[in-house]
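The opening position of the sequence shown corresponds to residue 51 in the numbering used here, with each subsequent residue numbered one higher.
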Amino acid sequence: MYAVGRYEAVRTVMSDFERFTSEGGVGLSDIRKPGAWRTASPITEIDPPRHTKVRGALTKVISPIVIRQWREVFAAEAEKIADRVVEQGEIEAVHDLVEAFILKAFPDVLGVDMPRENFLDIGEMNFNQIGPNNELLKKSLEKVEPILPAFQRAFQREAMLPGGFGEKIFEAEDKGEFEAGTAGPHVRSFLRAGVDTTIAGIGHTLNLLAQNPGEWEKIKADPTKVRGAFDEAIRLQSPSQVMFRTTVRDTDLDGYRMAGDVKVGSFLGAANRDQRKFVDPDRFDVDRESAGVHLALGVGHHICIGQMIARLEAECILGAVARRVKRIELTGEPRYRLVNTLRTLEHLPLRLVAA
Numbered sequence: 051m052y053a054v055g056r057y058e059a060v061r062t063v064m065s066d067f068e069r070f071t072s073e074g075g076v077g078l079s080d081i082r083k084p085g086a087w088r089t090a091s092p093i094t095e096i097d098p099p100r101h102t103k104v105r106g107a108l109t110k111v112i113s114p115i116v117i118r119q120w121r122e123v124f125a126a127e128a129e130k131i132a133d134r135v136v137e138q139g140e141i142e143a144v145h146d147l148v149e150a151f152i153l154k155a156f157p158d159v160l161g162v163d164m165p166r167e168n169f170l171d172i173g174e175m176n177f178n179q180i181g182p183n184n185e186l187l188k189k190s191l192e193k194v195e196p197i198l199p200a201f202q203r204a205f206q207r208e209a210m211l212p213g214g215f216g217e218k219i220f221e222a223e224d225k226g227e228f229e230a231g232t233a234g235p236h237v238r239s240f241l242r243a244g245v246d247t248t249i250a251g252i253g254h255t256l257n258l259l260a261q262n263p264g265e266w267e268k269i270k271a272d273p274t275k276v277r278g279a280f281d282e283a284i285r286l287q288s289p290s291q292v293m294f295r296t297t298v299r300d301t302d303l304d305g306y307r308m309a310g311d312v313k314v315g316s317f318l319g320a321a322n323r324d325q326r327k328f329v330d331p332d333r334f335d336v337d338r339e340s341a342g343v344h345l346a347l348g349v350g351h352h353i354c355i356g357q358m359i360a361r362l363e364a365e366c367i368l369g370a371v372a373r374r375v376k377r378i379e380l381t382g383e384p385r386y387r388l389v390n391t392l393r394t395l396e397h398l399p400l401r402l403v404a405a
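What follows is the structure, given as structure tokens:
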């Protein structure tokens, strides 16, 4: 395989589908060949023009009315959780705050009914599958084996909760807007966008704000900076560290000759700290214009379709905390989960000093 880490090279590989296709899969294994350990996604692993039609149909389902309704749900849940954690004072922020919020609010609007703790194990498996077929993947597959049948049933048409987003996706499939049999996988794709990487991003934001009290003061003075803080955090600590493409044919990139039909790893975390693109790239700055520049959410036709959901979730919960908390302090050493391609915290001990 090839690996690219400079900003411009990563941007090119991620967006130039005529030379670097997604149809071999966004993971290390080529899903078109025998021995692959992943199945294809109906949205992230197709190229235009098929992708253009599917993305257009999904975008139509996520209407401004739907987003406004979701904002109300997210905001109400964020207020409840913020009240609880501020009263506790000292918290384990990943579990008590971030996961508690995301695993309650998002599956509700998605219209999926299954034990919430299962989402984390499934998400870990998904991100391990993007990487190598190693011991991490083996253990995560063993862990989800007992719950996998129930998880798959939860994304069938008859399991969708009435009025939820999932039900609307199946209705769109009935109208011929999606290929038959892809509605369930589309709902799962949104679940991944709204849960795993968003939990990671909000956790990183809290960690960086605790380590940089001056940036927290900026948010206290101007709560609209919450979104900027989230985008800056996922630039610095990109939840999806690497995504793959496959060379369509022999080609050149930055003066290097690349053979056709070979995997190319685009290291988003490296690109987002490229000093050629970002001034003082290792500094956390909530005033930095990161949104639309960083590559943590992808780029081009494959930019994350759920990005507005992630930003909305972050805005609601971080804003609710900011309105109640004078200071955020680390009370111990943060600890990261070991996952093949996902950078996410598993332990973030914080003290929330009430305003």
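No residue lacks a Cβ here, since even glycine has one placed at the ideal position from N, Cα and C.
Inter-residue spacing [alpha-carbon to alpha-carbon] between G85 and R285: Near 34 Å, if we compare the C-alpha coordinates of R285 and G85.
Rounded straight-line distance, which links the Cα of A132 to that of E282: Their backbone Cα atoms lie some 22 Å apart in a straight line.
Supposed contact pair V123 and V159 - C-beta distance, whole angstroms, cut 8 Å: Indeed, because the Cβ distance is near 5 Å, the residues count as touching under 8 Å.
Own chain partners of P384 with C-beta closer than 8 Å, once the 5 adjacent residues on each side are dropped: Only N257, L395, H397, L398, P399 meet the Cβ criterion.
Enclosing beta strand (DSSP E) for G315 [first to last residue]: From DSSP, the beta strand (DSSP E) with G315 extends over 313-317.
Residue span of the beta strand (DSSP E) that contains R238, given as start and end: R238 -> not in any beta strand (DSSP E); alpha helix (DSSP H) instead, spanning 233-244.
Spatial neighbours of R277 in its chain, beta-carbon cut-off 8 Å, leaving aside the 5 residues before and after: Closer than 8 Å at Cβ, skipping near neighbours: A341, R361, A364, E365.
Coil, strand or helix - M210 by DSSP: DSSP places M210 in coil when its eight states are reduced to three.
Limits of the beta strand (DSSP E) - the one that T296 falls within: 292-297 is the span of the beta strand (DSSP E), which, as asked, contains T296.
Span of the alpha helix (DSSP H), counted from its first residue to its last, around R361: 357-372 is the extent of the alpha helix (DSSP H) around R361.
Alpha-carbon to alpha-carbon, L380 and K407: There is simply no residue 407 to check, as the chain begins at 51 and stops at 405 in what is shown.
Supposed contact pair K270 and A125 - C-beta distance, whole angstroms, cut 8 Å: Cβ-Cβ separation between A125 and K270: approximately 19 Å, too far for a contact (criterion under 8 Å).
Beta-carbon gap between S79 and R69 smaller than 8 Å: The answer is no: Cβ separation not under 8 Å.
R408 versus S290, H352, G305, D304, residue with shortest Cα-Cα distance: This structure gives no information on residue 408, because the portion of the chain shown stretches from 51 to 405.
When V403, D224, I180 are compared against G74, the one with the closest alpha-carbon: Nearest C-alpha to G74: I180.
Expected contact under 8 Å - CB spacing of H236 and I93 to nearest Å: Beta-carbon to beta-carbon, H236 and I93 are separated by about 6 Å, close enough to satisfy the 8 Å threshold.
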